[in-house]
Each structure stands twice: as structure tokens, then as C-alpha cells.
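Residue numbers (my numbering), protein chains in the order written: chain A, 685 to 893; chain B, 685 to 893.
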DNA sequence: ACCTGAACACCGTTCAAGT
DNA sequence: ACCTGAACACCGTTCAAGT
């Protein structure tokens, strides 16, 4: 577990860190693991320290309190999700329906496999320290939903109207299905099937044409 | 605080309870208050006992552990919500659009004013003890959404298709907006405005007619 | 700079004992 | 039947002290 790294203040000098090459990163990885296994409520700093082989007071050097760790975890999750959604594009020449279904499935797939992490992302209170980075990542994520909408509107394929409002309609549906999956109302399989149905209903409407 | 009540085993005998007429009910009321003020994470059994003027071990006579209290609270919340939705009907002769908007606003209104309680209702794990009552109340609630759908389908006002699937589309949208409001993404006012927009989009569809 | 060990004030849960 | 008081094993946070 001992790592050799260059000192931050003397590039030519080799120095041994006390216990870890990067305790902060190690803690974040272990915390995400614990989060996935046992949920937020059961995530304890002391147990995390034990699992990392470090004293219970050590994490406080990197995270001023438990909330700071959760915030950092939320940031990791949000940035990862934004990246995934940015990379989730339907094949060239795909129809509007296909493009939205692809996006929706990517969202739901992430939500199903990272339920606890996603809950953290959407949690009520974050320290102001990370809130700037969180909103930046949040904006990236929201844009992956809003941009396809403005594009489709420009092509006359979608109704006119505030694209943010339309994005909210889509985002709320996806978030709702994700929540129903996270709490067991919907099985993961049922959720995947549902998301296609919901996108269809949203695109074509519930009132007969 | 001393209450006089009939003993459960001798109707003709007056008896004084030790401290409370009904500690269980008192605890539930105080717990909901604490939940609303400070959130689930800050709800402590010991503080609850202090606020109720009882020893910290007393609640365990009525709730075997903290989860049992949260479950009981969830049941209260779900039954109240089911009652509210059952009572939320648009005036006679209201259009389909008006009927669904009325229902959606009632859901959102409850969600905004009982955010923490609703979170408990939709929480991941409940003890099997209450799960029967919870599913009964849950079914009542779901029916307030599904019944208007089957009614409208019978009248030819709504597309054919599994009413549960259509109900899920509506329910997921509402739940999503409620979640965005609970976590501060949407202000309560914006949420009320959004819900009307979302219902409109869902009814008429995002693809131009 | 980074971590340890002890200390403090809180938890939830259990259990003999009181009324 | 209902509640108390003490005890136990856990927390998160802080802080002097070690390397």
C-alpha cells in the first residue's frame, strides 16, 4: 500500500506518502462500493476508514465532514452520467422516436445500475463548495436532453414551445420511472419495457389522433 | 398528560395509563412534525422521546425499532394521500384535460407540502408487518389514477392500450416533478406551473398533429 | 503534509427492575 | 401493561501529538 510519488513542492525529490498514494481517491472508490452494497444510510465514515486500513480520523483530512464526502460522490456520479448521456446517440438516420428512445434507455440503464449514487446526485443539500462543479455537470446533463429537443423543433419534427418545459416533461418521466425502479415498485426488466412505452405515449399523446 | 380511559380487558373499570393516553399516537404525531422540520436523517428516537416527555426506551414498547416507526409513518402518509386523491375530482362536465389536470395538481400539492413524508412512502425497505396495509393503501392510490384512464378509454377519449402502462406514464411524470421540487431543482411555484404543461404534453403529444 | 489515538457527545437497542 | 435507568456497541467530529 506504500506508494512513491513526486512531492508537490519539489519535483526532483522522491518522497513516500505516509500510507497511501492518494487516500482521497481510495476513499471515494471504497465509498461508492459501500454505497452500492449497503445504501447511504449504512455508509459510515468509521467503517470506510476501517475498510481502507486507515484510522477513523484520517478521512477528515480529505473531507471536512461526512456531507463533503457525499457531495464529492455526487459529483463523481453526475459527471459520469453526463458523459454517458453525451455518448448515447442513435445510429445515423435514426428517427425521432428512435433517438429519444435511445436517450431514455441510456438514462434508465444508468439509473438502474447506479440507484444509490443517483439518489445522492439528486439529494436535497449540498455544501456550497462543490455546488459550482455540480451545477456545471448538471448543465451538461440537462443539455443532452434539451439539445435533441431544439434540434427536432428546428426540423419541424416537434411541437413548438419552451424546450426546457418539454425537456422537463421528458426528464420527469424518466426520473419517475427510475425512482419506481429504485424502490422496487418496478423490476429492472419492467422498467426497461416501460421506458419505451412512456416515450411513445409522450411523443404521440394520450388523446387519439 | 394523564388520560382516563377504559381498560381493554374490563369495560366497566376506569384506569389511568402510566403517562399517556396513547403514546403510540403521540409519537407518530411528534415524529411527523420532526420529519417535516428536519428530515428523515435527523429524526432520532431519543430526541423524539425527549420531545414527548418520556424515557428513551419507551417508544420501543410501541415500535420494535426505528424502521417500524418509519413504516408506520409511511402508512399514515400513504393513506392520507390516497384519501386526498380520491377526493380530488373536477367539477361535473369537466373536460378530459381538466380532469387530469385536477388530479395532477392534487398529487403535486400533496407532494410539495409533504415532501419528507412522501419520500418515506416510496422508500426502499419496509418491514413485512406493515407491507399488507401499505399495499392496500397503495392500491387505493393507484386506482385514483387508473380509473379515470379506463373511464376515458371507455368513452373513446383516450388511446387504447394497457391502462396500467398509461397510468405509469402519468404517475412517473408526476413523481418526477415532485422529486425535482423536493430537491430544489424546481421551486414550488414552478412545479405548479410545470404540472399543467406536462399534462398538456402528455395528452396531446410532442409530435405535431 | 499526513495520519494516529484519545476524548466527547451523540445514537439505536436491549433488559432487568419498578409501578 | 407500560415505562424507567443503566449498559453496550456503535456513530461523527475534534484535537493534541507523533512521523
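C-beta: ideal position from N, C-alpha, C; glycine also. No experiment lies behind these values; they were computed from the predicted model shown.
| Nearest chain B C-beta to residue 929(A) closer than 9 Å, yes or no? | Summary: the structure shown does not reach residue 929(A), with chain A confined to residues 685 through 893, and so no result is reported for it.
| Cβ-based burial, residue 839(B) [other Cβ within 10 Å; buried from 16] | As a working mapping, residue 839(B) is identified with position 155 in the second chain. Exposed, by the Cβ-count rule.
| For the region 843-857 of chain B, which residues have a beta carbon sitting closer than 9 Å to at least one beta carbon of chain A? | 843, 844, 845, 846, 849, 850, 852, 853, 854, 855, 856 and 857
| message | Under 8 Å: does the beta carbon of residue 744(A) sit that close to some heavy atom of the ligand NAP? | response | Ligands are entirely absent from the displayed structure, and the ligand NAP is therefore not among its contents.
| field | alpha helix (DSSP H) segments (min. 4 residues) lying fully within the region 726-770 of chain B | value | 729-736
| task | Helix, strand or coil for residue 874(B), going by three-state DSSP, please let me know. | result | In the second chain, counting from the first residue as 1, residue 874(B) sits at position 190. The answer is helix: DSSP assigns residue 874(B) an H, G or I state.
| said: Can you give me the C-alpha to C-alpha distance between residue 858(B) and residue 791(B), rounded to a whole angstrom? | reply: Residue mapping note: residue 858(B) aligns to position 174 of the second chain, counting from 1. Residue mapping note: residue 791(B) aligns to position 107 of the second chain, counting from 1. Whole-angstrom Cα-Cα distance: 7 Å.
| query | When DSSP labels each residue in this structure, what does residue 689(B) get in the three-state scheme? | reply | Walking along the second chain from the start, residue 689(B) turns up at place 5. Only weak support exists for where residue 689(B) lies, its pLDDT of 32 falling under 50; the value from the coordinates is given anyway. Strand.
| query | Are residue 746(B) and residue 783(B) closer than 9 Å when you measure CB to CB? | reply | Working through the second chain from its first residue, we reach residue 746(B) at position 62. Working through the second chain from its first residue, we reach residue 783(B) at position 99. No. Outside cutoff.
| request: Can you grab the Cα-Cα spacing for the pair residue 687(B) / residue 739(B), in whole Å? | output: For the purposes of this step, residue 687(B) is taken as the residue at position 3 of the second chain. For the purposes of this step, residue 739(B) is taken as the residue at position 55 of the second chain. Because the pLDDT of residue 687(B) is 32, which lies under 50, any placement of that residue in the model is unreliable, and the question is left without a value.
| task | Kindly list, in the order they appear in chain A, the residues whose Cβ is closer than 8 Å to that of residue 867(B). | result | If you number the second chain from 1, residue 867(B) lands on position 183. Ordered by position in chain A, the residues that pass the 8 Å Cβ test against residue 867(B) are 806, 807 and 808.
| C-alpha gap between residue 696(A) and residue 812(A), whole angstroms | By one-based count along the first chain, residue 696(A) stands at place 12. By one-based count along the first chain, residue 812(A) stands at place 128. In this predicted model, residue 696(A) has a pLDDT of only 23, less than 50, meaning its place in the structure is not dependable; the value taken from the coordinates is given anyway. So the two alpha carbons sit approximately 37 Å from each other.
| said: Between residue 719(A) and chain B, is the shortest Cβ-Cβ distance under 9 Å, so that the two count as touching? | reply: Numbered from 1 along the first chain, position 35 holds the residue referred to as residue 719(A). Residue 719(A) does not count as touching chain B.
| field | Per-residue DSSP class, three states only, for residue 720(B) | value | As a working mapping, residue 720(B) is identified with position 36 in the second chain. DSSP places residue 720(B) in helix when its eight states are reduced to three.
| Whole-number beta carbon distance between residue 769(B) and residue 787(B), since they are thought to touch under 8 Å | Working through the second chain from its first residue, we reach residue 787(B) at position 103. Working through the second chain from its first residue, we reach residue 769(B) at position 85. Rounded, the Cβ-Cβ distance is 7 Å, consistent with contact.
| request: Give the interface partners of residue 888(B) over in chain A, defined as CB-CB distance under 9 Å, in chain order. | output: Residue numbering aside, residue 888(B) sits at position 204 when the second chain is read from its first letter. Ordered by position in chain A, the residues that pass the 9 Å Cβ test against residue 888(B) are 843, 889, 890 and 891.
| field | Amino acids of chain A, ordered along the chain, whose beta-carbon sits closer than 9 Å to that of residue 881(B) | value | Your numbering for residue 881(B) matches position 197 in the second chain. Here the neighbours are 845, 846, 849, 850, 852 and 853.
| field | Member of 867(B), 760(B) and 831(B) whose CA lies at the smallest distance from the CA of residue 854(B) | value | Here residue 854(B) refers to the residue found at position 170 when the second chain is read from its first residue. Minimum Cα distance to residue 854(B) is reached at 831(B).
| C-beta neighbour in chain B for residue 740(A), strict 9 Å | Mapped onto the first chain, residue 740(A) falls at position 56. No, because no Cβ of chain B sits closer than 9 Å to the Cβ of residue 740(A).
| If we ignore side chains and look at the alpha-carbon of each, how far apart do residue 885(B) and residue 845(A) end up? | The residue you call residue 885(B) lines up with position 201 of the second chain. The residue you call residue 845(A) lines up with position 161 of the first chain. Residue 885(B) and residue 845(A): Cα-Cα distance of roughly 10 Å.
| Secondary structure of residue 893(B), DSSP reduced to three states | In the second chain, the residue the question calls residue 893(B) occupies position 209. Residue 893(B): coil per DSSP, three-state reduction.
| From which residue to which residue does the alpha helix (DSSP H) around residue 832(B) run? | Start at 1 with the first residue of the second chain, and residue 832(B) comes out as number 148. Its alpha helix (DSSP H) spans residues 812-838.
| Is the Cβ of residue 864(B) closer than 9 Å to any Cβ of chain A? | For the purposes of this step, residue 864(B) is identified with residue 180 of the second chain, where counting begins at 1. Interface residue, yes.
| query | Is any beta-carbon of chain A found at less than 9 Å from that of residue 870(B)? | reply | Here residue 870(B) refers to the residue found at position 186 when the second chain is read from its first residue. For residue 870(B), the answer is yes, since a Cβ of chain A falls inside 9 Å of its Cβ.
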